[in-house]
Amino acid sequence: MEGNKAMTHYGQPDNETQPNPQAPSQQPPQQPGPHAPQPQPYQRQPYQQPYQQPYQPIYRQPYPSQPSYPAYPQQSGARRRFRWQIVIVAAIAAVAFIIGGGLLVAHTLTGRDKLANTALPTAEQAYGSALPASRYELKDPIAVDIYHEFRITLTGKASVVSDDYWAFTLKNTDMTEFDCARIYQDASLSVPIPTSINAGMPSNDKEGNGTVDVSGTMDIPEYMQYGDSVGKERGFLPSDGYYYVQYMGSDGKKLAKPIVQFFKVVNPTDVEQLSPVSGITPVVNAEGGVDISWSKLDGATSYNVYTYIVLPQVGQPGDDNFSEERTEIKKIGSSTTTQLLSEDYDKVKSSKLLDNEPETTYSQNEAFHSLAVEDQDYIDACTGSTRDYCADVLQQAGGSYNPDSAGKLYFVVSGVDAEGHEGRWRAVDANDIVPSIPIGPANQTQHRQWIYNSKGVFGEDNTLEEDMEQYVYTFVTMANGSTATIPSTFSKISKTGNASWNFLVSAPGTKITNTGHLYYEGDLNAIFSQIQQAALESLPKAGGVLDRVNAVNGNADWSGYDTKKIDSDTKQSPYFIFASTDYGKYLANNILNGHEVIDITKYTTDDYQVSTDDVMTEIIYQNPYIRTDSDGISYAVRKQDDKTLMWVKYPDDYKERQRTMADFVNRNVSRFQGSDRDKAIAIEQFLAGQMSYDYDAVNFKRSGGTDSASAFDSVDASNRYPDAWSPYGMVSGKGVCMSYAYAYQLLGKAAGLDTRVVSGSVSGYGTSHAWNYVKIDGKWLVIDATWDDDGSTAGTKYQLKDKSEVTDHFAFNDGWTLASQVGQY
1 MEGNKAMTHY GQPDNETQPN PQAPSQQPPQ QPGPHAPQPQ PYQRQPYQQP
51 YQQPYQPIYR QPYPSQPSYP AYPQQSGARR RFRWQIVIVA AIAAVAFIIG
101 GGLLVAHTLT GRDKLANTAL PTAEQAYGSA LPASRYELKD PIAVDIYHEF
151 RITLTGKASV VSDDYWAFTL KNTDMTEFDC ARIYQDASLS VPIPTSINAG
201 MPSNDKEGNG TVDVSGTMDI PEYMQYGDSV GKERGFLPSD GYYYVQYMGS
251 DGKKLAKPIV QFFKVVNPTD VEQLSPVSGI TPVVNAEGGV DISWSKLDGA
301 TSYNVYTYIV LPQVGQPGDD NFSEERTEIK KIGSSTTTQL LSEDYDKVKS
351 SKLLDNEPET TYSQNEAFHS LAVEDQDYID ACTGSTRDYC ADVLQQAGGS
401 YNPDSAGKLY FVVSGVDAEG HEGRWRAVDA NDIVPSIPIG PANQTQHRQW
451 IYNSKGVFGE DNTLEEDMEQ YVYTFVTMAN GSTATIPSTF SKISKTGNAS
501 WNFLVSAPGT KITNTGHLYY EGDLNAIFSQ IQQAALESLP KAGGVLDRVN
551 AVNGNADWSG YDTKKIDSDT KQSPYFIFAS TDYGKYLANN ILNGHEVIDI
601 TKYTTDDYQV STDDVMTEII YQNPYIRTDS DGISYAVRKQ DDKTLMWVKY
651 PDDYKERQRT MADFVNRNVS RFQGSDRDKA IAIEQFLAGQ MSYDYDAVNF
701 KRSGGTDSAS AFDSVDASNR YPDAWSPYGM VSGKGVCMSY AYAYQLLGKA
751 AGLDTRVVSG SVSGYGTSHA WNYVKIDGKW LVIDATWDDD GSTAGTKYQL
801 KDKSEVTDHF AFNDGWTLAS QVGQY
């Protein structure tokens with residue numbers, strides 16, 4: 001997936017899922033991988049080859065309760081929540097005032113002058129076109145204290161009642177206390193802020209039938225804390241602005257137009273914090289580690305890097321296995337440069353079972369293990385089993401592994417000044433890389449591979465090729481809990497006895513290794529490649545490769561840009577434009593026109609509205625004429641006097657390739673006639689005949705293309721295959737899924753269709769994928785030109801299907817569009 005950050009090198013190859021397994025493959029066949037519920041942070045153990053009997057899955061409680069702040073008593077194994085209140089002891093009493101729709105805001109008078117004197121944006125600046133008044137009830141921006149709370153006071157039939165365990169819950173409401181309100185980082189509504197939501201019985205007439213209070217649970221640095229409250233360590237960190245979104249009214253009904261309140265959190269001290277760090281770019285490197293880079297921040301002497309993980313709610317209130325949504329914020333490292341590599345903070349776990357065997361690695365990326373809420377490896381192992389524990393596992397998983405069950409991953413990089421104070425909060429969405437982060441071997445699936453075609457009680461009647469079948473694929477659990485199937489590589493083949501041979505089995509794109517054992521009286525080295533190929537050919541074919549998220553080149557040369565003149569304007573581009581916001585339309589128009597220095601002062605959105613990063617990501621997805629080659633454009637945001645500018649660097653042949661693609665579209669658009677449905681099908685048929693899947697590009701990218709393990713040094717794939725991840729693949733005749741989706745968008749728009757490029761995950765693959773949405777008769781339908789490509793014609797499996805019919809495609813919640821817009825699709 002593209003990194004959506006300032007000073008980002010756009011256009012690097014996305015996580016790529018190969019065509020439908022039914023389509024002819026030009027690479028070794030692959031066994032589909034399987035996953036299941038996960039208890040605590042994920043723990044992996046060394047894989048040991050079973051020698052006596054088939055391995056049975058070890059039962060683990062799928063959804064254990066995990067304490068969050070504050071902790072509450074538990075009874076009968078169920079996690080119960082008790083109301084608590086922060087009491088701030090101050091010399092001056094607190095005040096409260098009500099904003100319409102049941103929204104109540106309260107703050108202490110501490111620092112009242114600072115609140116009153118805080119500069120606030122206008123409503124237009126705060127909400128812009130990302131949050132239209134036609135869909136949201138927009139409140140005037142306010143300034144608040146770090147211990148600020150939002151409150152919904154229930155009226156009418158809606159009320160708060162106590163349950164059997166003295167916890168409080170809502171009655172006669174359309175929503176629970178856990179989903180009636182949220183707080184987000186910006187107007188894209190894509191990054192949630194850590195909060196606590198508490199329902200309470202009324203203690204006076206002003207509290208109606210009960211209240212729901214929403215407060216911050218971010219760690220407040222000691223120098224900002226004040227008062228005698230037991231909860232003063234938690235609250236809202238000072239920011240340029242957050243967005244409170246209330247989905248339920250005071251009457252308990254779901255609001256047709258959610259209430260949105262922009263609020264700026266004011267620093268109660270005189271310490272001037274550094275600005276948020278920009279350009280935060282997490283990528284997965286050639287060994288499966290996560291490298292993070294960012295733009296230099298003036299005034300920062302060092303940087304702290306945090307993972308911010310949001311674990312989803314499990315079950316419903318009252319269920320024995322209920323666990324509310326919870327957050328984990330952990331510091332993973334510090335740096336005095338503008339990057340933190342995986343090798344700097346991740347310590348892999350390895351073991352050596354026997355002296356004559358090589359050491360093997362069974363766990364990596366410890367910081368991301370807790371993301372795997374469900375473990376497909378265990379769920380698949382329980383499918384068809386009659387054991388009681390498997391019945392529990394399958395019931396709690398809803399019968400099968402759900403890719404959407406994984407936690408959400410964000411990164412925070414804060415600049416640290418000379419006095420040791422951290423800068424203001426800003427998190428970056430990294431959920432597009434989660435399916436590509438390996439965490440350990442999928443032992444259950446690996447065992448099923450071992451017994452496949454096994455002859456005899458322990459496989460003693462197997463041929464050498466049949467024994468080899470257990471090693472040709474390595475099955476790896478990814479951070480979203482899915483099982484990825486990876487063709488193994490082999491090394492260190494050595495003889496350890498009269499006829500006993502050991503060798504190291506590795507999963508490319510990860511650090512996961514295992515030891516293989518074969519018995520052969522001759523020289524195994526001489527025939528090893530032969531038996532490996534024979535084993536591959538005997539196994540069922542399946543698609544899927546472990547692909548690497550785009551390698552980032554953060555070293556664009558911006559010399560001379562500070563002397564270039566501003567060349568942005570409003571002259572209409574000759575190419576179509578799509579964006580969800582006015583800011584996006586403005587940027588897309590100027591970038592399509594090839595402008596190098598764009599004045600974005602009017603749309604300074606790092607403080608309010610949608611960030612420049614989110615806007616840029618969307619327009620690059622939805623405007624393929626911007627992505628003329630796999631490398632794409634680079635951009636950076638700079639201040640110059642009183643202006644905010646965007647510098648854009650283009651490929652050398654940017655305009656020439658734009659014209660070539662436009663000429664190709666214009667020559668062929670007349671082929672697509674009839675109704676919108678007829679046109680949509682005709683375009684897919686045309687692409688099936690015009691394009692073929694570029695296996696060479698994907699395989700080169702999968703191998704890393706370089707010996708470097710750092711993602712910031714791995715740009716070989718896009719350089720070697722400039723068309724593979726761009727719409728130019730329709731001209732040259734070869735591309736990967738991103739190229740197919742871009743091509744469909746260009747042809748669809750030219751034919752008068754309303755289309756979108758979509759990215760997401762697909763079942764059974766540790767990679768991202770791209771396809772399209774097409775609006776037919778007022779309804780958005782799925783079409784996947786890549787997976788429907790049967791060779792010279794297009795199949796119909798993914799052709800204009802309702803999303804409910806396509807059970808193996810899961811669109812990301814943002815990236816290809818803004819999170820605030822995804823609901824309309």
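For reference, each letter of the sequence shown is one residue, going 1 to 825 in the UniProt record's numbering. Here a beta-carbon is modelled for each residue, glycine too, at the ideal position from N, C-alpha and C. All of these numbers come straight from a predicted model, not from anything done at the bench.
Option in the options with minimal Cα separation from residue i
i      : options                           : result
Gln533 : Asp784, Leu464 and Pro141         : Leu464
Thr337 : Val277, Asp375, Tyr378 and Ala391 : Val277
Tyr654 : Val665, Arg627, Lys679 and Gln640 : Arg627
Ile183 : Glu177, Met175, Pro192 and Thr176 : Pro192
Val214 : Leu781, Val393 and Cys180         : Cys180
Gln185 : Lys232, Ile220, Val373 and Tyr243 : Tyr243
Ile776 : His769, Arg756 and Ile280         : Arg756
Arg326 : Tyr635, Thr195 and Gly333         : Thr195
Glu634 : Asp694, Tyr561 and Asp641         : In the sequence under discussion, the amino acid at residue 634 is Ser, which differs from the Glu named in the question. Among Asp694, Tyr561 and Asp641, the Cα nearest to that of Ser634 belongs to Tyr561.
Thr269 : Tyr308, Phe236 and Tyr226         : Tyr226
Leu255 : Phe368, Leu138, Lys734 and Ser239 : Leu138
Gln313 : Lys347, Gln396 and Lys330         : Gln396
Phe576 : Pro624, Tyr603, Tyr583 and Lys602 : Pro624
Residues bridged to residue i (per DSSP)
i      : result
His148 : Its beta-bridge partners do not exist; DSSP assigns none.
Pro219 : Here the sequence assigns Asp to residue 219, which means Pro is not the residue at that position. Answer is Arg234, bridged to Asp219.
Ala770 : Ser759
Gln339 : Ser293
Arg422 : The displayed chain sequence assigns Glu, not Arg, to residue 422. Beta-bridge pairing links Glu422 to Val416.
Asp599 : Leu645
Leu518 : Trp501
Gly333 : Val305
His809 : Val762
Ala427 : Val412
Val314 : Ser323
Short Cβ contact (9 Å threshold) for residue i with residue j
i      : j      : result
Lys565 : Val597 : yes
Thr173 : Ser162 : no
Leu409 : Ile433 : yes
Gln273 : Arg151 : no
Gly516 : Asn502 : yes
Val260 : Gln246 : yes
Ala406 : Glu359 : no
Thr617 : Trp816 : yes
Ile619 : Ala662 : no
Gln811 : Thr786 : Here residue 811 turns out to be Ala, not Gln, going by the sequence shown. No, these two residues do not count as a Cβ contact at 9 Å.
Ile531 : Met478 : no
Ser670 : Ser820 : no
Thr793 : Ser763 : no
Gly315 : Gly415 : no
Gly760 : Tyr742 : no
Glu287 : Ser370 : no
Enclosing alpha helix (DSSP H) for residue i [first to last residue]
i      : result
Leu394 : Asp388 to Gln396
Thr617 : Thr612 to Gln622
Tyr635 : Careful: Tyr635 lies outside any alpha helix (DSSP H), inside the beta strand (DSSP E) at Ser634 to Gln640.
Gly729 : Gly729 to Ser732
CB-CB length for residue i against residue j, believed under 8 Å
i      : j      : result
Pro435 : Val476 : With 8 Å as the limit, Pro435 and Val476 do not qualify as a contact, their Cβ atoms being about 11 Å apart.
Ala130 : Lys264 : 17 Å between Cβ atoms; not a contact.
Lys352 : Tyr362 : That pair is no contact at about 11 Å.
Asp567 : His595 : 5 Å
Ala724 : Ser739 : 6 Å
Thr513 : Val505 : 6 Å
Element boundaries [beta strand (DSSP E), containing residue i]
i      : result
Ile197 : Thr195 to Gly200
Tyr362 : Thr360 to Ser363
Val782 : Lys779 to Ile783
Ala300 : Counting along the chain, Ala300 falls outside any beta strand (DSSP E), and DSSP gives it neither H nor E.
Tyr247 : Tyr242 to Met248
Arg182 : Ala181 to Tyr184
Distance cut-off 8 Å: residue i Cβ against heavy atoms of the ligand ATP
i      : result
Val505 : In the structure on display, the ligand ATP does not appear, and there are no ligands present to speak of.
Proximity test, Cβ basis, 9 Å: residue i and chain C
i      : result
Met175 : The chain inventory of the structure shown lacks chain C, comprising one protein chain alone.
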